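Chains as they are written, first to last, in our numbering: chain F, 3 to 386; chain C, 6 to 131.
For glycine and all other residues, C-beta sits at the position ideal for the given N, C-alpha and C.
Please read these numbers as outputs of a predicted model, since none were measured by experiment.
Only one structure is covered here, and it is reproduced in the block below.
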Amino acid sequence: MRDAFPRAATAIVSTATHGIGEAPGQSAMELAVRASLLALGRVGLTPADVDGLFIALPHDYFAGLGLAEYLGIHPRLTNNSRVGGSSFQTYVLWAALALAAGQCDVALITYGSNQRTASGKLQSSLRPSPFEAPYQALTPASAYALAASRHMHQFGTTREQLAQVAVAARQWAQRNPEAFMRDPLTVEQCLASRMVSSPLSVRDSCLVTDGAAALVMTRGDRARDLCLHPVYVLGAAEATHHRMISTMPDLTVTAAAESGARAYAQAGIGPQDVDVVQLYDAFTINTILFLEDLGFCPKGEGGRFVEGGRIAPGGSLPVNTNGGGLSCVHPGMYGLFTLVEAARQLAGEAGERQVSGAEIALAHGNGGELSSQATVVLGTGAAL
Amino acid sequence: MPDLTPERSWLEALEQGRFLLQRRASTGAFIFPPRVAEPRTGATDLEWVAASGAGVVHAVTVIAPRPPAAPYTVALIDLAEGPRVMGRVEGIAPDQVRIGLAVQARVSRIDGVPALLFTPREAEHA
């Protein structure tokens, strides 16, 4: 059957972040609710207006029930399904379908985590694999390191090129007052930083921070009443290839090649039409893989593509303009922050890092060990 | 009668020092990790066979824990039979393990847990 995604029928009307960096003492739910209230308040809505809830929390399998209880609402749709950090892209997909079908009228998508101040490391509630756990790989860094080793072997990608990704992210972060790490960073510093799981060093790895975000979606007609700059959902698609890194079909090709192609087709655009790109950069190799798989450069060319500041401020393709998971925020699951930054860019709210004239943005999420990939294409009213 | 507990069967064999793979009787296709059915087809005519242990390093990372713990590898190994497994390569300096290195499996233990260790094939015959 033809993919009948409801292009531009729904829109993000508001976004918010809260507690980025360190938020000592605040629970994950408190962080998420605060972000949600900020997002609702910006467009004159209250919790009572929300009838579709989409939420993940690091350690709460009933997060959707807890959020409904906390907000004191009786939602028609509650979804806390999990495919990793890309869950939030899938929430946009499901929220768009549900809104278009009249299953809900106001969808709230949120996330919160206190993993930095609560534990200081990435938290996991996953069942260890009996086929991988004995080898004591660092989860998840080693999985991405194995993919990077393969990319370097097949395509000649270098550690310097990986470092270029981190440096570009840091340069964007320096233009974002909300970003957690804003000190200058050089390729040499990246190369000299402590190795975590070769070829990936500390500076190739995402931050461990606290943080929360929220976004509100409605149908397009209501969106134009609620806000000046609705950000329309033009396409949203997901794809899954595997769970464990040892069963990934090809370590150099992610399911983003599928999710991206379908999201572009829904939106009626191609990578050449995208003005600003937000990619889930859990590790520097992610950015390179996703630039390739989402069609911004040919397979194997990602390392060379990011050289010369091409994805940094002033480069030809603005990527991860908030500073990314590498330099802005990474509270365990980062996918929602790519959506918030994409929406902020299209709504003209990105301050010093604003990409001028941005009309189409892509926000790509990654889950597990390059396992789940989900792509959302967003556009301004001018892009319709 | 299909094996209803393939995960447990594989782990029990490993515990006894044996590295097994599942093979589909009607086609000879090998399967790993162990499953109740072949991926995609759902076929259940699966039998256990001893793995040859021969393989080639497909991808590798070196993890350097805080001293005095020694660095170690985590590798993905393409087995001669087809499936890919995670394992450690030993008998060679971790930073010398290259993609494409021919290796041979043996069943051993890592911190008491049964595991697949791979050594370079040349080293084994030396």
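Rounded C-alpha distance that separates residue i from residue j
i: residue 268 of chain F; j: residue 274 of chain F; result: 15 Å
i: residue 325 of chain F; j: residue 245 of chain F; result: 28 Å
i: residue 386 of chain F; j: residue 173 of chain F; result: 32 Å
i: residue 302 of chain F; j: residue 148 of chain F; result: 16 Å
i: residue 201 of chain F; j: residue 261 of chain F; result: 27 Å
i: residue 24 of chain F; j: residue 24 of chain C; result: 47 Å
i: residue 42 of chain F; j: residue 223 of chain F; result: 17 Å
i: residue 367 of chain F; j: residue 127 of chain C; result: 43 Å
i: residue 382 of chain F; j: residue 347 of chain F; result: 10 Å
i: residue 319 of chain F; j: residue 92 of chain C; result: 39 Å
i: residue 11 of chain C; j: residue 26 of chain F; result: 46 Å
i: residue 55 of chain C; j: residue 371 of chain F; result: 29 Å
i: residue 315 of chain F; j: residue 9 of chain F; result: 30 Å
i: residue 105 of chain F; j: residue 131 of chain F; result: 38 Å
i: residue 98 of chain F; j: residue 219 of chain F; result: 8 Å
i: residue 91 of chain F; j: residue 374 of chain F; result: 10 Å
i: residue 272 of chain F; j: residue 19 of chain F; result: 29 Å
i: residue 169 of chain F; j: residue 189 of chain F; result: 7 Å
i: residue 394 of chain F; j: residue 116 of chain F; result: Since the first residue of chain F shown is 3 and the last is 386, residue 394 of chain F is not available in this structure.
i: residue 335 of chain F; j: residue 322 of chain F; result: 15 Å
i: residue 79 of chain F; j: residue 71 of chain F; result: 14 Å
i: residue 292 of chain F; j: residue 306 of chain F; result: 14 Å
i: residue 131 of chain C; j: residue 308 of chain F; result: Unreliable placement is indicated for residue 131 of chain C, whose pLDDT of 45 sits below 50; no coordinate value is reported for it.
Under the three-state DSSP convention, the category residue i falls into
i: residue 72 of chain F; result: helix
i: residue 319 of chain F; result: coil
i: residue 131 of chain C; result: Because the pLDDT at residue 131 of chain C is just 45, under 50, the model does not fix this residue reliably, and the value given afterwards should be weighed accordingly. In the structure shown, residue 131 of chain C sits in coil (DSSP, three-state: anything other than H, G, I, E or B).
i: residue 369 of chain F; result: strand
i: residue 189 of chain F; result: helix
i: residue 116 of chain F; result: coil
i: residue 240 of chain F; result: strand
i: residue 137 of chain F; result: helix
i: residue 376 of chain F; result: strand
i: residue 119 of chain C; result: strand
i: residue 52 of chain C; result: strand
i: residue 101 of chain C; result: helix
i: residue 125 of chain C; result: strand
i: residue 274 of chain F; result: helix
i: residue 78 of chain C; result: strand
i: residue 155 of chain F; result: helix
i: residue 357 of chain F; result: coil
i: residue 183 of chain F; result: coil
i: residue 94 of chain F; result: helix
Top-ranked residue by Cα proximity to residue i, from the options
i: residue 328 of chain F; options: F:154, F:234, F:289, F:360; result: F:289
i: residue 101 of chain F; options: F:244, F:225, F:39, F:186; result: F:225
i: residue 151 of chain F; options: C:102, C:25, C:40; result: C:102
i: residue 29 of chain C; options: C:38, C:19, C:20, C:53; result: C:53
i: residue 384 of chain F; options: F:231, F:323, F:58; result: F:231
i: residue 57 of chain F; options: F:49, F:66, F:155, F:210; result: F:66
i: residue 112 of chain F; options: F:60, F:176, F:131; result: F:60
i: residue 178 of chain F; options: F:99, F:228, F:352, F:47; result: F:352
i: residue 249 of chain F; options: C:9, C:10, C:38, C:104; result: C:38
i: residue 228 of chain F; options: F:259, F:44, F:18; result: F:44
i: residue 68 of chain C; options: F:78, F:64, F:140; result: F:140
i: residue 240 of chain F; options: F:51, F:87, F:19; result: F:87
i: residue 30 of chain F; options: F:294, F:68, F:266, F:293; result: F:68
i: residue 341 of chain F; options: F:134, F:131, F:135, F:281; result: F:281
i: residue 119 of chain F; options: F:333, F:89, F:104; result: F:333
i: residue 211 of chain F; options: F:15, F:14, F:21, F:3; result: F:21
i: residue 104 of chain C; options: C:36, C:117, C:13, C:79; result: C:79
i: residue 183 of chain F; options: F:354, F:33, F:135, F:209; result: F:209
i: residue 158 of chain F; options: F:85, F:74, F:254; result: F:254
Distance between beta carbons of residue j and residue i, contact taken as under 8 Å
i: residue 12 of chain F; j: residue 379 of chain F; result: Actually they do not touch by this definition, with Cβ atoms about 13 Å apart.
i: residue 113 of chain C; j: residue 122 of chain C; result: 5 Å
i: residue 49 of chain C; j: residue 42 of chain C; result: 5 Å
i: residue 37 of chain F; j: residue 165 of chain F; result: Wrong, their Cβ atoms sit about 32 Å apart, outside the cutoff.
i: residue 192 of chain F; j: residue 199 of chain F; result: Rounded, the Cβ-Cβ distance is 15 Å, inconsistent with contact.
i: residue 238 of chain F; j: residue 114 of chain F; result: About 22 Å; that fails the 8 Å criterion.
i: residue 285 of chain F; j: residue 185 of chain F; result: That pair is no contact at about 20 Å.
i: residue 364 of chain F; j: residue 276 of chain F; result: 5 Å
i: residue 256 of chain F; j: residue 295 of chain F; result: 5 Å
i: residue 146 of chain F; j: residue 287 of chain F; result: 6 Å
Residues that residue i contacts on chain B, provided the C-beta gap is smaller than 7 Å
i: residue 197 of chain F; result: As a matter of chain content, chain B is missing from the structure shown, whose protein chains are F and C.
**Interface residues of the stretch 105-127 of chain C facing chain F [CB-CB below 9 Å]** = Those residues of the stretch 105-127 of chain C that come within reach of chain F (Cβ to Cβ, closer than 9 Å) are 105, 114, 115, 116, 118, 119, 120, 121.
**Request:** Report the residues of the stretch 26-55 of chain C with a CB closer than 7 Å to any CB of chain F, ordered along the chain.
**Result:** Cβ contacts with chain F: 38.
**Item:** Within 7 Å of chain C by C-beta, residues of the stretch 152-164 of chain F in sequence order
**Value:** Flagged, chain order: 152, 155.
**Prompt:** Which of the residues in the stretch 9-20 of chain C, read from start to end, lie with their CB under 7 Å from any CB of chain F?
**Reply:** Residues passing the 7 Å Cβ filter: 12, 16.
**Message:** Tell me which residues of the stretch 90-101 of chain C have at least one Cβ-Cβ distance to chain F shorter than 9 Å, keeping chain order.
**Reply:** Taken in chain order, the members of the stretch 90-101 of chain C whose beta-carbon sits within less than 9 Å of a beta-carbon on chain F are 90, 91, 92, 93, 99, 100.
**Prompt:** Which residues, in chain order, does the stretch 125-140 of chain F contribute to contact with chain C at a C-beta distance below 9 Å?
**Reply:** Result list: 131, 132, 133, 134, 135, 136, 137, 138, 139, 140.
**Item:** Members of the stretch 281-306 of chain F near chain C, C-beta cut-off 8 Å
**Value:** So the list is empty, because no residue satisfies the distance condition.
**Interfacial residues, the stretch 359-374 of chain F to chain C, with Cβ spacing under 9 Å** = Of all residues in the stretch 359-374 of chain F, none places a beta-carbon less than 9 Å from a beta-carbon of chain C.
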